[in-house]
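Engineer:
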Amino acid sequence: MVSATTSRPVSKHRARDRAAPPTLERPGVAWAVPGLLFFLVFAIVPMAGVLYLSFTHWDGLSSPQFTGLDNWSRFFGDSQVRQSTLVTGVLLVGNIAVQAPISILLGVWAAGHQRNRAVLSAIFFLPLLLSTAATAIMWRQLLDPNFGLPSKVDWLFGGSNPFGSQAGSIACLVLVTSWQFIPFHSLLYQGAARSIPHTLYQAAAIDGAGRVRQFVHITLPQLRNTMITSSTFMVIGGLTAFDIVLLLTNGGPGTDTSILPFSMYQTAFRTYDYGYASAIASFLLLLATVASVLLTKLSGYDKMTSTMEGL
Amino acid sequence: MRTRPNYLAGAAALVWLVIIGVPLYALVNTAVQPQTKYTDKGPVSIPSTVTWDNFHTVVDSGFLHYIWNTVVVAVATVAIVLALAVPISYAVVRGRGWITKGVFRLFLLGLAIPSQAVIIPLFLIVNDLGLYDTLWGIILPTAAFALPVSVLVLSGGMRDISNELYEAMALDGAGPARTLLTLVIPMSRSAIATASVFAALQAWNGFLFPLIMAQSEDTKLVTLGLYNFVSEYGANVPALLAAVLMSAVPILVVYLFARRALVAGLMGAGGK
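Taken in order, these protein sequences are the chains called A and B. Everything in the first sequence is counted per the working numbering, starting at 144 for the first residue and increasing by one. Everything in the second sequence is counted per the working numbering, starting at 40 for the first residue and increasing by one.
1. By a C-beta neighbour count over all protein chains shown, 10 Å radius and 16 as the cutoff for buried, is residue 202/A buried or exposed?
2. For a cutoff of 9 Å on Cβ pairs, would you count residue 155/B as touching chain A?
3. Any C-beta of chain A within less than 7 Å: which residues of the stretch 221-247 of chain B qualify?
4. Which complete alpha helix (DSSP H) runs does the stretch 62-87 of chain B hold, if anything under 4 residues is left out?
5. Would you call residue 298/B buried or exposed, if buried means 16 or more other Cβ atoms sit within 10 Å of its Cβ?
6. In the DSSP assignment, find the unbroken alpha helix (DSSP H) run with residue 289/A in it and report its ends.
7. Closest by CA to residue 252/B, which one among 98/B, 102/B and 174/B?
8. Rounded to a whole number of angstroms, what is the C-alpha to C-alpha distance between residue 233/B and residue 188/B?
9. Residue 150/B touches chain A at which residues, Cβ-Cβ below 8 Å?
10. Where residue 147/A and residue 135/B are concerned, what is the direct C-alpha to C-alpha distance, given to the nearest angstrom?
11. Using a cut-off of 8 Å between C-beta atoms, extract the partners of residue 184/A located in chain B.
12. Going by alpha carbons, who is nearest to residue 162/B out of 249/A, 354/A, 411/A and 224/A?
13. I think residue 316/A touches residue 379/A, with their Cβ atoms under 8 Å apart; what is that distance to the nearest whole Å?
14. With 16 as the cutoff for other CB atoms within 10 Å, does residue 167/B come out buried or exposed?
15. How big is the Cα-Cα spacing for residue 159/B and residue 329/A?
16. According to DSSP, is residue 242/A part of a helix, a strand, or is it coil?
17. How many Å lie between residue 234/A and residue 431/A at the Cα?
18. Should residue 276/B go down as buried or exposed, given a rule of 16 or more other Cβ atoms within 10 Å for buried?
19. Out of 436/A, 180/A and 343/A, point me to the one whose CA is closest to residue 142/B's CA.
20. Pull the bridge partners of residue 199/A from the DSSP assignment, please.
21. For residue 286/B, go through chain A and note every residue whose CB falls closer than 7 Å to its CB, in chain order.
22. Can you list, in chain order, the residues of its chain whose CB lies under 7 Å from that of residue 111/B, leaving out five sequence neighbours each side?
23. So, with DSSP's three-state summary, where would you put residue 246/B?
24. Look up residue 89/B in the DSSP assignment and say whether it is helix, strand or coil.
25. Taking 9 Å as the cut-off, decide whether the C-beta atoms of residue 243/B and residue 113/B are in contact.
26. Could one say the Cβ of residue 310/A lies closer than 9 Å to chain B's Cβ atoms, at least one of them?
27. Anything in chain B within Cβ reach of residue 339/A, meaning under 9 Å, just list it in chain order.
28. In chain order, which alpha helix (DSSP H) runs of at least 4 residues are fully inside the stretch 132-167 of chain B?
29. Within a Cβ cutoff of 8 Å, which residues of the same chain sit near residue 70/B, ignoring the five residues on either side of it in sequence?
30. Identify each residue in the stretch 251-262 of chain B for which the Cβ-Cβ distance to at least one residue of chain A is less than 9 Å, and report them in chain order.
31. Can you list the residues of chain B that residue 421/A reaches, using a CB-CB cut of under 7 Å?
32. With a cut-off of 8 Å on the beta carbons, I'd call residue 175/A and residue 218/B a contact; round off their distance for me.
33. Identify the contact partners of residue 294/A in chain B, using a Cβ-Cβ distance below 9 Å as the criterion.
34. Mind checking if residue 317/A is an interface residue toward chain B, Cβ cutoff 9 Å exclusive?
35. According to the neighbour-count rule (16 or more other Cβ atoms, all chains shown, within 10 Å of its Cβ), is residue 372/A buried or exposed?
36. For the alpha helix (DSSP H) containing residue 369/A, list its first residue and its last residue.
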């Protein structure tokens with residue numbers, strides 16, 4: 144009955160159909176409720192709990208005593224907290240500075256078509272098979288000053304104990320974290336680099352751009368979203384990096400590498416000062432929230448659009 | 040178009056091979072050495088004698104039970120995460136209104152909650168539920184903290200399903216439940232794989248929850264077993280590293296048989 148002599152009215156008609164199909168039933172909020180409740184009980188309620196506990200004194204046995212701002216005034220005058228925050232920051236920056244460039248280069252390399260690439264990629268993946276605890280224990284023994292590499296490979300270590308100084312211990316933490324997680328981050332970059340349209344490179348090659356210029360002007364800008372995702376993982380990982388410190392340096396020498404999550408654990412489960420530990424934990428929450436809001440703004444995750452768009 | 044080989048990248052890849060390979064060689068080499076030889080020669084030597092004694096020591100200490108516990112925790116975590124995150128993501132992607140938007144934002148924010156920071160109240164909750172020192176006391180918090188990443192990954196995957204397909208389902212008279220089962224889940228297989236790999240690895244790597252929520256031999260996971268070996272076998276480095284090596288066996292098996300799925304799953308976390 145409807146005779147479409149030109150294509151225009153037809154497409155208009157279709158567009159209206161798409162906007163309001165009569166029978167399209169959308170899922171209600173009820174679908175999200177079970178998961179939401181679960182998340183509330185195990186993540187959001189504890190978050191409120193830790194804020195509340197930070198205003199109390201509590202040894203874990205009797206019930207918590209409300210002490211107002213006591214913990215917080217102690218927190219802001221605590222030189223150990225200041226040192227922990229500083230070391231946490233140094234580790235975060237160190238980890239990103241070491242891991243990001245290597246992961247990008249490795250990921251882009253692995254996305255290419257070199258000879259032996261498949262075999263090497265399979266080997267490069269291997270550290271991911273070890274848990275953080277396993278990795279840290281392995282490296283602790285390898286770097287042991289008496290029986291490990293430092294006692295046998297003099298030219299590299301100069302006979303010194305890598306865990307003997309603060310700088311050495313921090314370097315060890317960065318080394319081991321990088322060794323474990325660069326394979327993961329380079330996988331992220333490999334996936335992203337693969338999906339860069341090949342035509343961009345062909346166009347650049349026709350314009351006479353060399354390998355370096357193609358990398359700087361095409362590859363890097365196209366990897367922007369992945370850089371943000373990867374940094375988010377690194378920042379959150381850095382703020383929870385407790386097991387690696389416990390097993391590699393145990394916060395030492397002294398309290399030199401006692402980063403915030405570690406010193407929070409010690410305060411709570413070694414000295415049973417749950418109130419003050421909650422203040423440190425609340426501070427950790429604040430840092431994580433600020434970092435994530437900044438990164439989310441950068442990435443545009445919150446716009447709820449398909450990741451296909453903009454590429 | 041032929042490109043000349045990139046020698047610089049090749050050299051850098053070889054350097055990286057040494058950095059990855061030497062520690063792994065030392066790990067395997069040490070694990071098969073008698074203790075006296077290790078003390079003498081150190082971790083990086085040419086193996087002259089190979090012994091399986093270290094693995095016997097580890098197995099005799101009940102390590103296989105820890106591995107079994109970890110596998111149970113990982114499987115249960117993945118099951119719970121998928122059962123909850125798939126419907127959440129479906130509601131977030133296809134639902135309308137400010138509430139579903141709010142749900143998404145909540146999980147986005149939840150991404151940043153370090154499990155570390157809420158461990159004290161979480162310990163109280165697990166205690167109150169009577170789950171202290173049970174595997175459930177480890178599984179439930181692990182699943183909760185794997186939810187945000189899973190929702191992010193799954194809703195990313197579901198958003199790529201085109202609207203026409205939903206309309207076709209609606210024309211067939213399918214309600215939300217049938218649409219989810221016959222369209223959304225099959226179409227977001229790769230996102231589901233990514234979320235599963237992530238949740239499983241989080242359970243596998245978990246250290247804090249098993250440390251705080253459990254204490255007995257029966258509920259010990261691999262990571263905690265390793266931690267205890269450090270003090271038990273302090274001096275017996277070959278046995279300790281044999282335990283480290285054994286702890287990787289289950290994932291190694293997964294890697295050998297499902298390498299593509301594992302690698303693609305991890306890669307998927309980076310978005311497109």
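For glycine and all other residues, C-beta sits at the position ideal for the given N, C-alpha and C. These numbers were taken from a predicted model, which means no experiment stands behind them.
Structural biologist: From the atom records:
1. Mapped onto the first sequence, residue 202/A falls at position 59. A residue is called buried once 16 or more other Cβ atoms fall within 10 Å of its Cβ, and residue 202/A, having fewer, is exposed.
2. Stepping through the second sequence from its first residue, residue 155/B is reached at position 116. Yes - at least one Cβ of chain A is within 9 Å of the one on residue 155/B.
3. Listed in sequence order: 243, 244, 246 and 247.
4. 74-80, all fully within the stretch 62-87 of chain B.
5. Position 259 of the second sequence, counted from the start, is the residue given in the question as residue 298/B. Note on residue 298/B: under 16 other CB atoms within 10 angstroms of its CB, so exposed under the neighbour-count rule.
6. On the first sequence, position 146 is the one that residue 289/A refers to. The continuous stretches of alpha helix (DSSP H) do not include residue 289/A, and DSSP gives it neither H nor E.
7. For the purposes of this step, residue 252/B is taken as the residue at position 213 of the second sequence. That would be 174/B, whose Cα lies nearest to the Cα of residue 252/B.
8. Here residue 233/B is taken as the residue at index 194 of the second sequence, counted from 1. Here residue 188/B is taken as the residue at index 149 of the second sequence, counted from 1. Taking the straight line joining both Cα atoms gives about 10 Å.
9. What you label residue 150/B is simply residue 111 of the second sequence in a count that begins at 1. For residue 150/B, the chain A residues whose C-beta falls within less than 8 Å of its own C-beta are 375, 379 and 435, listed in chain order.
10. Within the first sequence, residue 147/A is the residue found at index 4, counting from 1. Within the second sequence, residue 135/B is the residue found at index 96, counting from 1. Only weak support exists for where residue 147/A lies, its pLDDT of 41 falling under 50; the value from the coordinates is given anyway. Residue 135/B has its alpha-carbon roughly 34 Å from the corresponding atom of residue 147/A.
11. On the first sequence, residue 184/A is found 41 positions in, with the first residue counted as 1. Within 8 Å Cβ-Cβ: 164 and 183.
12. In the second sequence, residue 162/B corresponds to position 123, counting from 1. Across the set 249/A, 354/A, 411/A and 224/A, the C-alpha of 411/A shows the shortest separation from the C-alpha of residue 162/B.
13. Mapped onto the first sequence, residue 316/A falls at position 173. Mapped onto the first sequence, residue 379/A falls at position 236. No, residue 316/A and residue 379/A are not in contact; Cβ-Cβ is about 17 Å, not under 8 Å.
14. In the second sequence, the residue the question calls residue 167/B occupies position 128. Exposed, because fewer than 16 other Cβ atoms sit within 10 Å of the Cβ of residue 167/B.
15. Residue mapping note: residue 159/B aligns to position 120 of the second sequence, counting from 1. Residue mapping note: residue 329/A aligns to position 186 of the first sequence, counting from 1. Straight across, the Cα-Cα distance linking residue 159/B with residue 329/A is about 35 Å.
16. Numbered from its first residue, the first sequence carries residue 242/A at position 99. DSSP, reduced to helix, strand and coil, places residue 242/A within a helical segment of the structure shown.
17. Numbered from 1 along the first sequence, position 91 holds the residue referred to as residue 234/A. Numbered from 1 along the first sequence, position 288 holds the residue referred to as residue 431/A. A direct Cα-to-Cα measurement between residue 234/A and residue 431/A gives close to 15 Å.
18. Locating residue 276/B in the second sequence gives position 237, counting from the first residue. Residue 276/B is classed as buried because its beta carbon has at least 16 other beta carbons within 10 Å across all chains shown.
19. For this step, residue 142/B is matched to residue 103 along the second sequence. The option with the nearest alpha carbon to residue 142/B is 180/A.
20. Position 56 of the first sequence, counted from the start, is the residue given in the question as residue 199/A. DSSP links residue 199/A through a beta bridge to 209/A.
21. For this step, residue 286/B is matched to residue 247 along the second sequence. Taking a Cβ-Cβ cut-off of 7 Å, the neighbours of residue 286/B in chain A comprise 274 and 277, given in sequence order.
22. As a working note, residue 111/B is residue 72 in the second sequence. Within its own chain, the residues whose Cβ lies closer than 7 Å to the Cβ of residue 111/B, once the five positions on either side in sequence are excluded, are 174, listed in chain order.
23. Translated into the one-based positions of the second sequence, residue 246/B becomes position 207. Residue 246/B: coil per DSSP, three-state reduction.
24. Start at 1 with the first residue of the second sequence, and residue 89/B comes out as number 50. Secondary structure of residue 89/B (DSSP, three-state): coil.
25. Taking the second sequence and counting its residues from 1, one reaches residue 243/B at position 204. Taking the second sequence and counting its residues from 1, one reaches residue 113/B at position 74. One thing to note: residue 243/B has its Cβ within 9 Å of the Cβ of residue 113/B.
26. Sequence index remark: in the first sequence, residue 310/A carries index 167 (1-based). Output row for residue 310/A: interface = no.
27. Residue mapping note: residue 339/A aligns to position 196 of the first sequence, counting from 1. In chain order: nothing, as chain B lies at least about 10 Å away.
28. With a minimum length of 4 residues, the continuous alpha helix (DSSP H) runs that stay inside the stretch 132-167 of chain B are 137-149 and 158-167.
29. The residue given as residue 70/B occupies position 31 in the second sequence. In its chain, beyond the 5 residues on either side, 93, 94, 277, 280, 281, 283 and 284 have a beta carbon closer than 8 Å to the beta carbon of residue 70/B.
30. The stretch 251-262 of chain B vs chain A, Cβ under 9 Å: 251, 261 and 262.
31. For the purposes of this step, residue 421/A is taken as residue 278 along the first sequence, with counting starting at 1. The contact set of residue 421/A on chain B, defined by CB atoms closer than 7 Å, consists of 159 in chain order.
32. In the first sequence, residue 175/A corresponds to position 32, counting from 1. In the second sequence, residue 218/B corresponds to position 179, counting from 1. The beta-carbon separation of residue 175/A and residue 218/B, rounded to 16 Å, does not stay under the 8 Å limit for a contact.
33. For the purposes of this step, residue 294/A is taken as the residue at position 151 of the first sequence. Ordered by position in chain B, the residues that pass the 9 Å Cβ test against residue 294/A are 81.
34. Reading the first sequence from its first residue, position 174 is the one you call residue 317/A. Not closer than 9 Å to any Cβ of chain B, the Cβ of residue 317/A fails to qualify, so no.
35. Taking the first residue of the first sequence as 1, we reach residue 372/A at position 229. Counting of Cβ neighbours within 10 angstroms places residue 372/A among the buried residues, the total reaching 16 or more.
36. Translated into the one-based positions of the first sequence, residue 369/A becomes position 226. Start and end: 367-382.
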